Structure formats: C-alpha cells, structure tokens
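K.L.:
Dropping a structure here in structure tokens format, bear with me for questions.
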Amino acid sequence: METILGIDLPTWWYLVIGAVFTGYTILDGFDLGAGAVHLFFNKEESRRVALNAIGPVWDGNEVWLVIGGGALFAGFPEVYASLFSAFYIPFMLFLVGLIFRAISIEFRSKEKMKWWRNLWDRSYSIASIVITLLLGVLLGNIIQGIKIGEGFVYQGTFLDLLNPYALVVGVTTLSLFMMHGCIYLVMKTENRLYAKLTVMVKNTTNAFIVLYLILTGYTLYHVPYMAKKFHDEPVLYIVPFLTIGCVVGLKLLVKRRKYFMAFILSSLTAMLLLITVALNLYPNVLISSIDPAYTINIYNGASSAKSLKIMLLMAAIGMPIVATYTTFVFWTFRGKVKMDETSY
Amino acid sequence: MDVEILARLQFAFTISFHYIYPPLSIGLGVTMAVMEGLYLKTNNKEYEVLTRFWIKIFALIFGIGVATGIVMEFEFGTNWAVYSRYVGDIFGSALAAEGIFAFALESGFLGILIFGWNKVSRKVHFFSTVMVALGSIFSAIWIVVANSWQQTPAGFHIVGEGMWARAEITDFWAMVFNPSSMERLSHVIIGAFLAGSFLVMSVHAYYIYRGKFVEISKKGFKVALVIAALSSVAQLIVGSISAEGVARNQPEKLAALEGHFDSLKTADMYLFGWVDKEAQKVYGLKIPNGLSFLIHKDFNAPVRGLNYFPKDEVPSQVNMIFQFYHIMIAIGMTLIGLSLYAVFLWWRGKLFDKKWLMLIFSFSVLLPQIANQAGWYAAEMGRQPWVVYKLLRTSDALSKSVTAEHVLFSLILFMLVYTLLFVLFIYLLNKKIQHGFDDFEDDLPSLKRDNPIMSKEDL
C-alpha cells in the first residue's frame, strides 16, 4: 500500500477528518454552548450581546461540519452511507436543528416585538441543545458500535440508538459545550453580564468535571477497548494524563479568571477527548455490534488510493488558506463586543 | 407509496426549495461587488448605501441557502446510501472541494461583509465582498461538476460487481471536465446572474414605481441592468450550445425535451405544445425540422427519437420534461426582450419614463427563478431512469435500511419547516424592502422636480 512519510493513505485521511471534526467541535462548540445557555440571560441587552459575540463567526464555524461531511463522503463513502442511513431519524432532527439555529440568529433581530424575540431566543437555545445532544449521542454510538450487518447495512432501529451510554455521552458533550461557550462569552463581555458569566463559567465547569468523571468510569466499564491502545502502547498514556491535566488546569484558571487560557484549555480538552476516541477506534470507524466481519474500518471503507491522494493534495492546499482567513476574521472581531448599527 | 417515489419527492422538494437561494446569492454577490467597486472608484455615497442595503438582503438569502444546503449534503447518505457508496470516490471529492475551496471562503468573509463596516478599511471590505462573490461562484462550479458527472460520467472505471460495484476515479481532470460540465456550468452560472440581477432590478423598479428612493434606485437599477442584459444574451448562446451537448451526450433526453419519438424522421422544434405519449404525437406550434437544424445544421437530417432506445432506458414523463424545457426557453426569450428593451430606452434616455415598464420589472424577479427551476427539472427528469447515466438506476440507489415511513416522516417534517421558512423569508424580505435605505433621505422633493412618471397619489 502506498504511503506518505511512512503513513498509509487511509490513515492520512482518517487524520484529516479527525482534524476537521476537532476543528468543528472547538469552533462550533462555543457557538452551540453559547446557544445552550442563552435563556439564562434575562435581559434583552444581554441576549443581544451574547448573540453578537458569535454573530460574525458562527457561520464560518459551521463550515467545518460541511467540510467534514464532504470529507467523509469522499474518503470513506462506506462510512458516510452506513452511518447516515443508520442514523436517519436523528440526522433529520439534527438538520432541522441546524436550520432553526441559523434562522433564529438571523430572524431574531428583525422585529422589535417582545414575543417575537422571545420566540426566536427559545428556538435558538433549544436548537443548540438538540444539536449538541444529538452530536453526543452519535459519538456515543460510534464508540460502542452499532448493529451493522450484511453489506454494511444498518439492522437496528431508531430506539437502539438512544441507549444509556450514548445518552450519557450526549449530556457530557452538552456540559462541555456549555462550559466552552460560557468561557467564550465571558471573554467577549463586560460589566454585569461579565459578572453573571463568571458564575456561569464556574458552574458549567463543575458540571462538566462531574460528568467527565462519570463518563470515564462508565466507559472503562462499558467499552473497555476505549483504553486498549493505552495498555498496548504505554507511551500513549500521555493522552489521558494530558486530559486530566487540562481539566485540573481549567478549574484553576477559571478560579483565577484567566479566561483566555481557560478557553485554550477547554479547546484542548475537547481535542484530547476526541483523540482518545479516534486513537482507540483506529483503524475501525464504525464497529458492528453484530459481527466483527461487518465492521467498517478505514481500509474496507475507503475510497481508491488515487482519490485519497487527490483529496490530500486539496486539503494540503485548502486548509492553510482557510486557516489564514479564519484567523484574519477572528482577529478583526477580537476583543469585547461593541454594538453598532450593523449588530443583531 | 413506495420508498423510491417518496425519496425522489423528498429530494426534489428539498433541492427545489434550496435552489431558490443559491442563484440569488451568486447573482447578488456579483452585483454587490460591482456596486461596492463603483463606490470605491467614484466615492459616490449612493453606491455605499446601495451596497449596504443589498448586503443585508444577501445575508438573509445566504442564511436560508446555507441552512437548506447542509440538508442536501447529508441527504445523499441518509436516503441514497447505495448511490453514495457507488459514487463516493468521485462525487465525494467534488463535494469536499466545494466545502474547502468555496463554502469556507464565502462563509468566512461573510462576517466581515455584514459586521465589518467599522472594523476594516474600505478596501478590505471590498476585498471581502469579492471573496464572498467568488466563493459562491466556486460553490456552483463544484456542485455542477458533480452533477454533470452523473449526466456524462468520465475519468473513472468500475471496480467490483453487483452490490459491491463502485465507480473509482482514474483521471481527476477528465472527471472535472467531463463532456457536459463546462457548458452546463456556464448555463447555471448565467442563470444565477439573471436571478440576482433581476432581483435587484425588481426592487429598484418597485421603488421607482412607488416614487420612493427614486434617484438612488435609478443607479442600482442600471448596475443590475448591465449584468442582466449581458447575461440574458449570453444565456441564449450558452443555452443552445448546451442543447447541442445534450444531443451528443444524452440523445434520449433531447428526444424527450422536444417530444420526438420516430428515429427515421426529421425533428421539429416547438415553441409550445402538448405531448400525447400514447399517440406519440405533439400538438402545438412548431418550427418544422427546427431541431434537426439545431443539432445537425441541416433541416433534412433525421434525429434519434425515443423509440430508438430500449423502453426501460428512456425517461417516462415525456410531457412534463417537454413542458419544463419549453417554459425555460420561453422565459429566457422574455428576459432577453425585457432587458434589451430597457437598454434601448436607456440609450434613448427614457428608461424610467414608462411607469408600466417599472411595474413589469417589479415582478420580473419571478421569471429567472421559474426558468432556473424548470431547467433543472427538465435536466434531472430527462436523466431518468438513471441516477448515474447508463451506470446506476435511480431505483437501485436507495438506502436499504430506510423505510417508507422514515422517508414520509422526514418529508412531512421538511415540508412543515420549509413552509415556515418561506413565509418568514418573504415577510422579512418585504419588510427590508419596505424599510428601504438607512441613512438616506427619502428623495421626494427631487422627485417632484425631475420625475414625470409619478402620479399624484404617489406624491
């Protein structure tokens, strides 16, 4: 098999997709988190500030999901086809959630009536929560495997996907995003809203830590192979240790109100958790809980070497460009939110 | 109803609804870029006001376009899993390229466009507008390339057999420049320019008709008119090249477009008509042997008809394909007539003198929209029964794990959500149009002086 720098092509693409979804989690994670806590802000002014904090960037952040979907389709069409047809109903709800989040942000400011704004505030927040929970449930099911049978066709039902483990992953993801979103918002706000957010950051951080511990225990008990690579290759224990380090660091930084660093650490936490999953799944992507023969891995689910090479080249050209102008956009809107006539 | 019909209905419904927005984004993007370029060049405040106004409308259109576009990306996997496995190697790379090279560009710079007026310099803002406009065009490139590959597959080979058969890429550029992609792409992009420029003309014509914001609207109207006139004429040329391409690449589709059955005979071209499939006849007004001439440049050359091909390899809805195709052409001709007439009046210095013309232009936004939709319906229904031409049948492309109840559920869900979206879109668009321009005096006084078309009640 062809390799680049000693790594085979499907593994490269696995890394690219991993990087894109990590980017999505970190970037849209704070938008979704901000949305999930939106109803905790009582004043109209606070809600406007919170919306304008993500206003210029959320659309660009969501693009990472679009790129990720395309990358999965292109590189691992078997995974794309099996996963999306298996998660039919959740994905439809997810899509409706994305639609409602987008239009709520866009429509809210267009009318001044109180009921109108309240309506879109609710829709925005509920959509953000639903999207996040579904993402977590999806991840939980990927971790423990789903009922894939002959021809990589899903044999289970919708309710099979709503199992306790997946739900715990869902709730933990929600708490992670809420914490991440609150930290982002606290960096962008001033005065009373800032004060309120400092408390919210503290609470969401505590909630996340508790859920993180529960999930870790549950995972070790329920899907022990999620730690197998660490046992096989002890040097990899650095990943869970770094995760714990980040979580402890988060708690300390939040206490000292070093929010920029806390934001970096909450991003790293999300990244390390995803690395843990990706590392222990590898080279599998969709584990069949029926028969290991039906498990889709990066080899039996990949596109041709030629296609992968073309796309790796695209990613090598495209990613730095995207990273450059994304940085430029974030730089343009750095600092506390200042309202002007273009604001929501 | 069975899964296939429901899944096709769902795809048709979601893509048709989605396709209201991207052509507007593409066309409006270019128009905005020209307006802002004029502002940068002339320093005329009116162009800035115009740009700001249209960017707000753009944001609304783009927002709904994105929200409904993501649905499309994932619908291949949810409803058409077999198709996704089959084409992933090829189609997927185009979709991934769209995300990374086009959509990211558009969405990344959009923030600056909307919220960046006071944060970046005028030049950087203009640059962002150009990037957004380019991003929307790049999007169209990759999507149309992927779709054209389904019409005229190239640069691939088939690996595996039966349920494991897959199309794998052998030549990337042959895939990108497949036999129909360039002519179809040009056709689609020009169609989008028409959609955007006619939207701009409609709104400004409405203002002029109502006697609001008249002076500034004249400027906006003219910018859009230039784009519309060039595009409508270009579309005639590109459209006929595209029809020749269909004749070459998908003769069954061509035969369906004109309702031509008998292979031994010359073929007519209809202005309008009705296809009786049973009797294999078309009733209508025709240019005798017109299609023969269009395709072969010879009025006496026979054209392959539907009967030439195996029965299970030709599209079944001949009359509908015929109607959609002819609606598109009729509208295309109307757009040429409208925009050239307006250019003629402009040249004579009487463009805004005719009130009835402004009224017609107020509604003209609907025409390119209908033509774009009708054109796609003709193209996609004409491709049936194949999802990938001559390689994969639509009926074989469905997800095996998805039931009719699933599809029905999501179809109803999307119908409800999209109806709500559409009502809100129209409501908010109308509100923005009624609100008009910020920081700009309503120019009624000047209007009294130099606008002879205004009636008393408008003043």
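First to last, the sequence lines map onto chains F and W.
1 is the number of the first residue of the first sequence in my numbering; add one for each residue after it.
1001 is the number of the first residue of the second sequence in my numbering; add one for each residue after it.
Even for Gly, the Cβ is constructed at its ideal location relative to N, Cα and C.
Computed from a prediction, not measured in an experiment: that's the story for all the values here.
What does the alpha-carbon distance come out to for the pair W/S1292 and W/I1189?
P.N.:
Here residue 1292 of chain W refers to the residue found at position 292 when the second sequence is read from its first residue. Here residue 1189 of chain W refers to the residue found at position 189 when the second sequence is read from its first residue. Distance between the alpha carbons of W/S1292 and W/I1189 is about 28 Å.
K.L.:
Look at F/L176 and F/A270 and say whether their C-beta atoms are less than 8 Å apart.
P.N.:
Locating residue 176 of chain F in the first sequence gives position 176, counting from the first residue. Locating residue 270 of chain F in the first sequence gives position 270, counting from the first residue. A contact, by the Cβ cut-off of 8 Å.
K.L.:
Rounding to the nearest angstrom, what Cα-Cα distance links F/R192 and W/G1037 in this structure?
P.N.:
In the first sequence, residue 192 of chain F corresponds to position 192, counting from 1. In the second sequence, residue 1037 of chain W corresponds to position 37, counting from 1. Straight-line Cα distance between these residues: approximately 42 Å.
K.L.:
What does DSSP give as the partner residues of W/T1266 in its beta bridges?
P.N.:
For the purposes of this step, residue 1266 of chain W is taken as the residue at position 266 of the second sequence. Answer is W/P1302.
K.L.:
Return the bridge partner residues of W/R1166 from the DSSP annotation.
P.N.:
For the purposes of this step, residue 1166 of chain W is taken as the residue at position 166 of the second sequence. Its beta-bridge partners are W/V1159.
K.L.:
Identify every residue that forms a DSSP beta bridge with W/Y1308.
P.N.:
Looking up residue 1308 of chain W in the second sequence gives position 308. DSSP output for W/Y1308 lists no bridge partner at all.
K.L.:
Using only CA atoms, which one of W/L1006, W/M1415, W/L1398, W/Q1434 lies nearest to W/W1080?
P.N.:
Mapped onto the second sequence, residue 1080 of chain W falls at position 80. The shortest Cα separation from W/W1080 among W/L1006, W/M1415, W/L1398, W/Q1434 belongs to W/L1398.
K.L.:
Within 8 Å of any Cβ in chain W, is that where the Cβ of F/P283 sits?
P.N.:
As a first step, residue 283 of chain F is located in the first sequence; it is residue number 283 there, counting from the start. Chain W contact via Cβ: absent.
K.L.:
Tell me the rounded alpha-carbon separation between W/G1092 and F/V239.
P.N.:
Stepping through the second sequence from its first residue, residue 1092 of chain W is reached at position 92. Stepping through the first sequence from its first residue, residue 239 of chain F is reached at position 239. C-alpha separation (whole angstroms): 32 Å.
K.L.:
Drop a sphere of 10 angstroms on the beta-carbon of W/H1435, count the other beta-carbons inside from all chains shown, and report buried for 16 or more, exposed for fewer.
P.N.:
Position 435 of the second sequence holds residue 1435 of chain W. Under this definition W/H1435 is an exposed residue.
K.L.:
Is it true that the region 1351-1361 of chain W meets the region 1202-1222 of chain W, where meeting means three or more beta-carbon pairs spaced less than 8 Å apart?
P.N.:
Judged by Cβ distances under 8 Å, the region 1351-1361 of chain W makes contact with the region 1202-1222 of chain W, as three or more pairs qualify.
K.L.:
For W/V1388, tell me which candidate among W/T1152, W/L1420, W/N1319 has the shortest Cα-Cα distance.
P.N.:
Counted from its first residue, the second sequence places residue 1388 of chain W at position 388. Taking only the C-alpha atoms, the option nearest W/V1388 is W/T1152.
K.L.:
Under 7 Å between beta-carbons, which chain F residues line up against W/D1004? List them in chain order, please.
P.N.:
For this step, residue 1004 of chain W is matched to residue 4 along the second sequence. Note on identity: in this sequence residue 1004 of chain W is Glu, with Asp being the wrong assignment. By Cβ distance, chain F contributes nothing, its closest Cβ being about 15 Å from W/E1004, past 7 Å.
K.L.:
Assuming F/I296 contacts F/S82 under a Cβ cut-off of 8 Å, what Cβ separation, rounded to an integer in Å, is found between them?
P.N.:
Counting from one through the first sequence, the residue named residue 296 of chain F turns up at place 296. Counting from one through the first sequence, the residue named residue 82 of chain F turns up at place 82. Right, their Cβ atoms sit about 6 Å apart.
K.L.:
Please determine, among W/L1367, W/W1142, W/I1169, the residue with the shortest C-alpha to C-alpha distance to W/S1197.
P.N.:
Along the second sequence, read from residue 1 onward, the residue named residue 1197 of chain W stands at position 197. Out of W/L1367, W/W1142, W/I1169, W/L1367 has the C-alpha closest to the C-alpha of W/S1197.
K.L.:
For W/L1282, which of helix, strand or coil comes out of DSSP?
P.N.:
As a first step, residue 1282 of chain W must be located in the second sequence, where it is residue number 282. According to the sequence displayed, residue 1282 of chain W carries Val and not Leu. Of the three classes helix, strand and coil, the one that applies to W/V1282 here is strand, per DSSP.
K.L.:
For F/R361, count neighbouring C-beta atoms within 10 Å of its own C-beta (all shown protein chains included) and say buried if the count is 16 or more, exposed if not.
P.N.:
Shown here, chain F extends from 1 to 344; a query on residue 361 of chain F therefore has no answer.
K.L.:
Need the endpoints of the alpha helix (DSSP H) that F/N280 sits in, please.
P.N.:
As a working note, residue 280 of chain F is residue 280 in the first sequence. Unbroken alpha helix (DSSP H) run through F/N280: 259-281.
K.L.:
Give me, in chain order, the residues of the same chain whose beta-carbon lies closer than 6 Å to that of W/A1094; leave out the 5 immediate sequence neighbours on both sides.
P.N.:
For the purposes of this step, residue 1094 of chain W is identified with residue 94 of the second sequence, where counting begins at 1. Excluding positions up to five away in sequence, the list reads W1142, V1145, A1146.
K.L.:
Say whether the region 73-89 of chain F touches the region 1400-1414 of chain W, bearing in mind that this needs 3 or more beta-carbon pairs closer than 8 Å, one atom from each stretch.
P.N.:
Yes, the region 73-89 of chain F touches the region 1400-1414 of chain W.
K.L.:
Going along chain W, which residues have a C-beta under 7 Å from F/I340?
P.N.:
For the purposes of this step, residue 340 of chain F is identified with residue 340 of the first sequence, where counting begins at 1. At residue 340 of chain F the sequence reads Asp, which differs from the Ile that was named. Within chain W, the residues near F/D340 are N1118.
K.L.:
Closest to W/M1131 by CA distance: which of W/L1060, W/S1148, W/L1110 is it?
P.N.:
As a working note, residue 1131 of chain W is residue 131 in the second sequence. For W/M1131, the nearest C-alpha among the options comes from W/L1110.
K.L.:
What did DSSP end up calling W/G1092 once you bin it into helix, strand or coil?
P.N.:
What you label residue 1092 of chain W is simply residue 92 of the second sequence in a count that begins at 1. It is helical.
K.L.:
Establish whether the CB of F/E190 and some CB of chain W are separated by less than 8 Å.
P.N.:
Position 190 of the first sequence, counted from the start, is the residue given in the question as residue 190 of chain F. It does not: the Cβ of F/E190 has no partner Cβ on chain W nearer than 8 Å.
K.L.:
For W/E1004 and W/T1394, I'd like the C-alpha separation in whole angstroms.
P.N.:
On the second sequence, residue 1004 of chain W is found 4 positions in, with the first residue counted as 1. On the second sequence, residue 1394 of chain W is found 394 positions in, with the first residue counted as 1. Their Cα atoms are separated by approximately 8 Å.
K.L.:
Looking at chain W, which residues of the region 90-105 of chain F have a Cβ within less than 7 Å of any of its Cβ atoms?
P.N.:
Those residues of the region 90-105 of chain F that come within reach of chain W (Cβ to Cβ, closer than 7 Å) are F91, M92, L95, V96, L98, I99, A102, I103.
K.L.:
Secondary structure at W/F1363, three-state DSSP: helix, strand or coil?
P.N.:
For this step, residue 1363 of chain W is matched to residue 363 along the second sequence. DSSP places W/F1363 in helix when its eight states are reduced to three.
K.L.:
Let's test the definition: count the other Cβ atoms within 10 Å of the Cβ of F/T347 and tell me whether it reaches 16, buried, or not, exposed.
P.N.:
The structure shown has nothing for residue 347 of chain F, since chain F only spans 1 to 344.
K.L.:
Can the beta-carbon of W/L1411 be found closer than 8 Å to that of W/Y1086?
P.N.:
Stepping through the second sequence from its first residue, residue 1411 of chain W is reached at position 411. Stepping through the second sequence from its first residue, residue 1086 of chain W is reached at position 86. Cβ atoms of W/L1411 and W/Y1086: not closer than 8 Å.
K.L.:
Roughly how many whole angstroms lie between the Cα atoms of W/S1362 and W/G1220?
P.N.:
One-based indexing of the second sequence puts residue 1362 of chain W at position 362. One-based indexing of the second sequence puts residue 1220 of chain W at position 220. The alpha-carbon atoms of W/S1362 and W/G1220 are separated by roughly 14 Å.
K.L.:
Are at least three pairs of beta-carbons, each pair with one atom in the region 108-122 of chain F and one in the region 65-79 of chain F, less than 8 Å apart?
P.N.:
No, because fewer than three Cβ pairs between the region 108-122 of chain F and the region 65-79 of chain F fall closer than 8 Å, the two stretches do not touch.
K.L.:
How would you label F/L5, buried or exposed, when you count the other beta carbons within 10 angstroms and need 16 or more for buried?
P.N.:
Along the first sequence, read from residue 1 onward, the residue named residue 5 of chain F stands at position 5. Exposed: under 16 other Cβ atoms inside 10 Å.
K.L.:
Should W/A1096 be flagged as near chain F, meaning a C-beta pair shorter than 8 Å?
P.N.:
As a first step, residue 1096 of chain W is located in the second sequence; it is residue number 96 there, counting from the start. Interface residue, yes.
K.L.:
By Cβ distance below 6 Å, which residues in the same chain neighbour W/L1309 in space, the five residues on each side in sequence not counted?
P.N.:
Taking the first residue of the second sequence as 1, we reach residue 1309 of chain W at position 309. Looking at the sequence provided, one finds Phe at residue 1309 of chain W rather than Leu. So the qualifying residues of the chain are E1252.
K.L.:
In terms of residue numbering, what span does the beta strand (DSSP E) encompassing F/N141 cover?
P.N.:
Taking the first sequence and counting its residues from 1, one reaches residue 141 of chain F at position 141. No beta strand (DSSP E) holds F/N141; the alpha helix (DSSP H) holding it covers 114-144.
K.L.:
At 7 Å on the CB atoms, spell out the chain F contacts of W/K1074, in chain order.
P.N.:
Within the second sequence, residue 1074 of chain W is the residue found at index 74, counting from 1. Correcting the residue type first, residue 1074 of chain W is Phe in the shown sequence and not Lys. In chain order: G69, F84, F91, L95.
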